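Just so you know, the protein sequences line up as chains U, Y, Z and A, in that order. Heads up: the first sequence is residues 1 to 148, going by this note's numbering. Heads up: the second sequence is residues 1001 to 1148, going by this note's numbering. Heads up: the third sequence is residues 2001 to 2084, going by this note's numbering. Heads up: the fourth sequence is residues 3001 to 3084, going by this note's numbering. Right, one structure below, let's go through it.
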Amino acid sequence: MIAARLQAQAFDIAAEQAALLAGRTDLGAAVAFTGLVRADDGLVALTLEHYPAMTLAQMQAIADEAAARWPGVFGTAIHRHGRLLPGEAIVLVVTASSHRGDAFAAAQYLMDWLKTHAPFWKREEWADGTARWVEAKVEDDAAAARWD
Amino acid sequence: MIAARLQAQAFDIAAEQAALLAGRTDLGAAVAFTGLVRADDGLVALTLEHYPAMTLAQMQAIADEAAARWPGVFGTAIHRHGRLLPGEAIVLVVTASSHRGDAFAAAQYLMDWLKTHAPFWKREEWADGTARWVEAKVEDDAAAARWD
Amino acid sequence: MVQLVYFAWVREMVGTDAETLALPAHVTTVAELLDWLATRSDGHAAALADRSRIRVAVDQQFAGADTAISGAREIAIFPPVTGG
Amino acid sequence: MVQLVYFAWVREMVGTDAETLALPAHVTTVAELLDWLATRSDGHAAALADRSRIRVAVDQQFAGADTAISGAREIAIFPPVTGG
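Okay, structure coming up:
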């Protein structure tokens, strides 16, 4: 079971991991991946627009696909939306498994797919006052395609 | 720079990651790997013996090797020693980088090497009152060898 | 009547985030919808000018140019997603 | 005089975690040290019986059977490490 969530507010990495591991003594590995907003070349803010009726459903579909590929993996995938500043966390994927290989693989798979298939649109604001919508990236598609 | 630490007390995953990321807006990815003691087949406790004069130096050597392979990766590798119970965290590796690929790769590399090359000896205590020293595992050597 | 919803720069160029429209009888597929929408205003026309940059979801399911839209309640039009 | 330190089941079988010894003149390598130590007690002999399960560090550096030990201050003898 990997649960997807969508929220505007910040998340607490330790609390999320603790909730996943609570009462379990059969899990040997937990991987927590945090994606952060980078201040590349003068970025001052990043706004994620989402499609309320669709985005969480698509995220949960990705999470279910990961859970089916790695049946022993438990996890939580949280994505934020709204306006975020450089240094802020934007996405958290926590996976846990009996052994570390599956936990790492499932976390990487979830991130590769979230980066390409989750229905978000990013708008960047720059130090010079301009703003632009981010175009879909070829390298992220390649990262996701390695799982096909 | 990847810093190695050796301690008996528990660590705080959120505090360690926050310390690594503090004041940075150039890092897009953080990976926190936590290794946990599993209660396999009735394990009641695990004791890690170490060689005080050597273990931390070897850990730092592994961390320096990872930092040399992935120059853009910053990190912290913490290993606990002493007697630990099922469900307790035993090792933490936190890595951060501008992109997620390097952060994931460096964390996996560090874990593969810590599992094989760090001078620890594990003693397992079982529910039936017996205890035994763990033998080195062939699969962990194979996981480490894939980096050669 | 169908609810049209727009996201990102499609929304900005169309000039609204949603509109409820009665579709003409000859508009039965996604491609026909986009052709018809493009005649409604300069904003619609500009937003939909390059169809390779347009994605559509019919009732929250990704759809292709030939997807039928009869009976649809909500059709979303947006750029390729840029992920998280 | 050299400080010998033992870990894990080697420590348990030898019966001490450390001992300070004066080595005979003919003991100049790791292999010769292990041969000589094995004669010191039944515990030493049992601990060192299977050399494939014994690892040695000379002054905190991993050492092979042929590593010279003259001038060493601390020699550690232990099973293969089992990691973290």
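Cβ coordinates follow ideal geometry from the N, Cα and C atoms, glycine included. Values in this document were obtained by computation on a predicted structure and should not be read as measured data.
So residue i is in the beta strand (DSSP E); what residue range does that whole segment cover?
{"i": "A:Arg3011", "result": "Premise fails: A:Arg3011 lies in the alpha helix (DSSP H), Ala3008 to Val3014, not in any beta strand (DSSP E)."}
{"i": "A:Thr3082", "result": "No beta strand (DSSP E) holds A:Thr3082; DSSP gives it neither H nor E."}
{"i": "Y:Leu1043", "result": "Leu1043 to His1050"}
{"i": "U:Ala30", "result": "Ala29 to Leu36"}
{"i": "U:Ile2", "result": "Ile2 to Gln7"}
{"i": "U:His81", "result": "Unbroken run through U:His81: none, as it is neither H nor E."}
{"i": "Y:Glu1135", "result": "Careful: Y:Glu1135 lies outside any beta strand (DSSP E) and carries neither H nor E."}
{"i": "A:Val3056", "result": "Arg3055 to Val3058"}
{"i": "Z:Thr2020", "result": "Ala2018 to Leu2021"}
{"i": "Z:Ala2063", "result": "Gln2061 to Ala2063"}
{"i": "U:Arg123", "result": "Phe120 to Trp126"}
On the criterion of 16 or more Cβ atoms from any shown chain inside 10 Å, does residue i qualify as buried, or is it exposed?
{"i": "U:Gln108", "result": "buried"}
{"i": "A:Ser3052", "result": "exposed"}
{"i": "Y:Ala1105", "result": "buried"}
{"i": "Z:Pro2024", "result": "exposed"}
{"i": "Z:His2092", "result": "Within the shown structure, residues of chain Z are numbered from 2001 to 2084, placing residue 2092 of chain Z beyond reach of any answer."}
{"i": "Z:Pro2079", "result": "buried"}
{"i": "Y:His1079", "result": "buried"}
{"i": "Y:Asp1041", "result": "exposed"}
{"i": "Y:Thr1076", "result": "buried"}
{"i": "Y:Gly1028", "result": "buried"}
{"i": "Z:Thr2082", "result": "buried"}
{"i": "Y:Ala1131", "result": "exposed"}
{"i": "A:Arg3073", "result": "exposed"}
{"i": "Z:Arg2011", "result": "buried"}
{"i": "U:Met1", "result": "exposed"}
{"i": "Y:Glu1135", "result": "exposed"}
{"i": "A:Gly3084", "result": "buried"}
{"i": "A:His3026", "result": "exposed"}
{"i": "A:Arg3055", "result": "buried"}
First and last residue of the alpha helix (DSSP H) that includes residue i?
{"i": "U:His117", "result": "Arg100 to His117"}
{"i": "A:Glu3032", "result": "Val3030 to Leu3037"}
{"i": "Y:Leu1056", "result": "Thr1055 to Arg1069"}
{"i": "A:Gly3043", "result": "Asp3042 to Ala3047"}
{"i": "Y:Glu1088", "result": "Where Y:Glu1088 is concerned, there is no enclosing alpha helix (DSSP H), given that its DSSP letter is neither H nor E."}
{"i": "U:Gln17", "result": "Ile13 to Leu21"}
Please determine, among the options, the residue with the shortest C-alpha to C-alpha distance to residue i.
{"i": "Y:Ala1067", "options": "Y:Leu1046, Y:Val1094, Y:His1081 and Y:Thr1116", "result": "Y:Val1094"}
{"i": "Y:Trp1133", "options": "A:Ala3038, A:Ala3008 and A:Gly3083", "result": "A:Ala3008"}
{"i": "Y:Gln1009", "options": "Y:Asp1102, Y:Ala1096, Y:Met1111 and Y:Ala1089", "result": "Y:Ala1089"}
{"i": "U:Lys137", "options": "U:Lys115, U:Gly23, U:Asp40 and U:Asp12", "result": "U:Lys115"}
{"i": "U:Trp70", "options": "U:Gly23, U:Leu92 and U:Gly101", "result": "U:Gly101"}
{"i": "U:Ala30", "options": "U:Leu92, U:Gly87, U:Ala61 and U:Arg83", "result": "U:Leu92"}
{"i": "Y:Ala1018", "options": "U:Ser98, U:Glu65, U:Asp112 and U:Gly87", "result": "U:Gly87"}
{"i": "A:Ala3047", "options": "A:Ala3022, A:Ile3077 and A:Ala3018", "result": "A:Ile3077"}
{"i": "Z:Arg2040", "options": "Z:Gly2084, Z:Val2056, Z:Thr2016 and Z:Ala2057", "result": "Z:Thr2016"}
{"i": "Y:Trp954", "options": "Y:Ser1097, Y:Ala1118, Y:Leu1085 and Y:Asp1112", "result": "Residue 954 of chain Y lies beyond the range of chain Y shown here (1001 to 1148); nothing can be said about it."}
{"i": "A:Ala3022", "options": "A:Val3002, A:Ile3075 and A:Glu3012", "result": "A:Val3002"}
{"i": "U:Trp113", "options": "U:Ala3, U:Ala61 and U:Gly72", "result": "U:Ala61"}
{"i": "U:Asp64", "options": "U:Gly72, U:Ala22, U:Ala3 and U:Tyr51", "result": "U:Ala3"}
{"i": "Z:Gly2064", "options": "Z:Leu2034, Z:Leu2004 and Z:Ala2049", "result": "Z:Leu2034"}
{"i": "Y:Gln1007", "options": "Y:His1050, Y:Leu1110, Y:Met1111 and Y:Asp1128", "result": "Y:His1050"}
{"i": "Y:Arg1024", "options": "Y:Met1111, Y:Ser1098 and Y:Ala1039", "result": "Y:Ser1098"}
{"i": "U:Gly72", "options": "U:Ala53, U:Pro52 and U:Ala96", "result": "U:Ala96"}
{"i": "U:Gly82", "options": "U:Leu21, U:Pro52 and U:Leu110", "result": "U:Pro52"}
Any heavy atom of the ligand FAD closer than 7 Å to the Cβ of residue i?
{"i": "A:Ile3077", "result": "In the structure on display, the ligand FAD does not appear, and there are no ligands present to speak of."}
Scan the region 46-62 of chain U for residues whose Cβ lies nearer than 7 Å to a Cβ of chain Z and list them as they occur along the chain.
-> Glu49, Tyr51, Ala53, Met54 and Ala57
Closer than 8 Å, Cβ to Cβ, to anything on chain A: give me those residues from the region 1115-1138 of chain Y, in chain order.
-> Lys1115, Thr1116, His1117, Ala1118, Pro1119, Phe1120, Trp1121, Lys1122, Arg1123, Trp1133, Val1134, Glu1135, Ala1136 and Lys1137
Would you call the region 1021-1036 of chain Y and the region 1048-1067 of chain Y in contact, with 3 or more CB pairs under 8 Å?
-> no
Cβ contact check for the region 1041-1050 of chain Y and the region 1117-1127 of chain Y: 3 or more pairs under 8 Å | yes
Taking only beta carbons into account, state which residues of the region 81-92 of chain U come closer than 9 Å to chain Z, listed in chain order.
-> Ile90 and Val91
Near-chain Z residues of the region 29-45 of chain U - C-beta to any C-beta below 8 Å | Gly35
Residues, ordered as in the chain, of the region 1095-1117 of chain Y that lie near chain U by beta-carbon distance below 7 Å | Ser1098, Arg1100, Phe1104, Gln1108 and Met1111
Contacting positions in the region 2061-2081 of chain Z - beta carbon closer than 8 Å to chain U | Glu2074, Ala2076, Phe2078, Pro2079, Pro2080 and Val2081
Cβ contact check for the region 3019-3036 of chain A and the region 3059-3071 of chain A: 3 or more pairs under 8 Å = Output reads yes: the region 3059-3071 of chain A touches the region 3019-3036 of chain A.
Scan the region 2032-2059 of chain Z for residues whose Cβ lies nearer than 8 Å to a Cβ of chain U and list them as they occur along the chain.
-> Per Cβ criterion, the list reads Ala2057.
Residues from the region 3006-3020 of chain A in contact with chain Y, defined by Cβ distance under 7 Å | Residues Phe3007, Ala3008 and Trp3009.
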